[in-house]
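**Q**
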Amino acid sequence: GAGVSQSPRYKVAKRGQDVALRCDPISGHVSLFWYQQALGQGPEFLTYFQNEAQLDKSGLPSDRFFAERPEGSVSTLKIQRTQQEDSAVYLCASSQLRNYGYTFGSGTRLTVV
Amino acid sequence: TQLLEQSPQFLSIQEGENLTVYCNSSSVFSSLQWYRQEPGEGPVLLVTVVTGGEVKKLKRLTFQFGDARKDSSLHITAAQPGDTGLYLCAGEDYLHNNDMRFGAGTRLTVKP
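Listed in order, the protein sequences are those of chains A and B. If you number the first sequence the way the working numbering does, the last residue is 1187 and the count never jumps. If you number the second sequence the way the working numbering does, the last residue is 129 and the count never jumps.
#1: For glycine 83(B), tell me which candidate among Phe46(B), Thr101(B), Arg53(B) and Leu103(B) has the shortest Cα-Cα distance.
#2: Along chain A, which residues have their Cβ under 7 angstroms away from the Cβ of proline 56(B)?
#3: Using beta-carbon positions only, say whether alanine 1112(A) and lysine 1152(A) come within less than 8 angstroms of one another.
#4: Would you call arginine 118(B) buried or exposed, if buried means 16 or more other Cβ atoms sit within 10 Å of its Cβ?
#5: Give me the Cα-Cα distance between arginine 1143(A) and serine 1149(A), rounded to the nearest whole angstrom.
#6: Using a Cβ-Cβ cut-off of 8 angstroms, state whether phenylalanine 1178(A) counts as contacting chain B.
#7: Tell me, please, which residues DSSP counts as bridged to glycine 108(B).
#8: Closest by CA to arginine 1183(A), which one among Pro56(B), Gly108(B) and Gly120(B)?
#9: Should threonine 1156(A) be labelled buried (16 or more other beta-carbon atoms within 10 Å of its own) or exposed?
#10: Determine the direct distance from the alpha carbon of glycine 1146(A) to that of alanine 1127(A), and round the result to whole angstroms.
#11: Shorter than 8 angstroms from the beta carbon of serine 1079(A) to some beta carbon of chain B?
#12: Taking DSSP as the reference, what is the three-state secondary structure of glycine 1146(A)?
#13: The region 1156-1170 of chain A: which residues have C-beta closer than 9 angstroms to a C-beta of chain B, in chain order?
#14: Tell me the residue span of the beta strand (DSSP E) that contains alanine 1162(A).
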């Protein structure tokens, strides 16, 4: 596609609920990244994929966070048993080469109530 | 502690004024990127600087990479309301798997 597409744009979850956030990267982009952006802050790294391989998941804040990219294109970020501190904007980005310059999606704003 | 420190955190100016925002670190970077983010959207890449001392111009925006590749600045000439947004710098973190790390950003408001 022309850009990185994320869905849903907004998600309200009750505390304890599981959520799944979807990212459709630019076609042909090898690298895919997930970031978490709290209000008034810069994006914080969560995880990185090269094709279907998750090469770095050091930024995932807890074992409740899980990401996958099974066919090397679409990626899903799953958060289990959501907590209020998970409320943030979750950004997905893709690039042809790692750290060459990312194209970001518009993000999913998650609110846990 | 932020890997990249951006200053000022907030900046509010009148249309037509000039401004400079800064991105500083104690780490050396092979490259730095600058992004602009508008409310409700993802960051949009403005420029990548790779060579120490490099200066890049993008219309009214001038980006400079420090000689030691530890810092960068963004200068905007004759700011316009359309320049309003969050300006973020980002660089590779060699201590953490070369992950691209972002500063907290400078929130710029240009008043008409």
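Virtual Cβ for every residue (Gly too), placed ideally from N, Cα, C.
**A** In short, the structure shows the following:
#1: Of the listed residues, the one whose Cα sits closest to glycine 83(B) is Phe46(B).
#2: Result: empty, since nearest Cβ-Cβ is about 11 angstroms, beyond 7 angstroms.
#3: Against a cut-off of 8 angstroms, the Cβ pair of lysine 1152(A) and alanine 1112(A) comes out as no contact.
#4: With 16 or more other CB atoms across the displayed protein chains lying within 10 angstroms of its CB, arginine 118(B) is buried.
#5: Rounded to the nearest angstrom, the two C-alpha atoms are 4 angstroms apart.
#6: With respect to chain B, the C-beta atom of phenylalanine 1178(A) has a partner C-beta closer than 8 angstroms.
#7: Looking at the DSSP output, glycine 108(B) shares a beta bridge with Leu49(B) and Arg118(B).
#8: Of the candidates Pro56(B), Gly108(B) and Gly120(B), the one whose C-alpha sits nearest the C-alpha of arginine 1183(A) is Pro56(B).
#9: Burial state of threonine 1156(A) is buried, judged by a 10 Å Cβ sphere holding 16 or more other Cβ atoms.
#10: For alanine 1127(A) and glycine 1146(A), the gap between their C-alpha atoms comes out near 8 angstroms.
#11: For serine 1079(A), the answer is no, since every Cβ of chain B falls outside 8 angstroms of its Cβ.
#12: In the three-state reduction of the DSSP assignment, glycine 1146(A) falls in the coil class, being assigned neither a helical nor a strand state.
#13: Only Val1163, Leu1165, Cys1166 and Ala1167 from the region 1156-1170 of chain A bring a Cβ to less than 9 angstroms from some Cβ of chain B.
#14: Secondary structure note for alanine 1162(A): its beta strand (DSSP E) is the uninterrupted segment 1162-1169.
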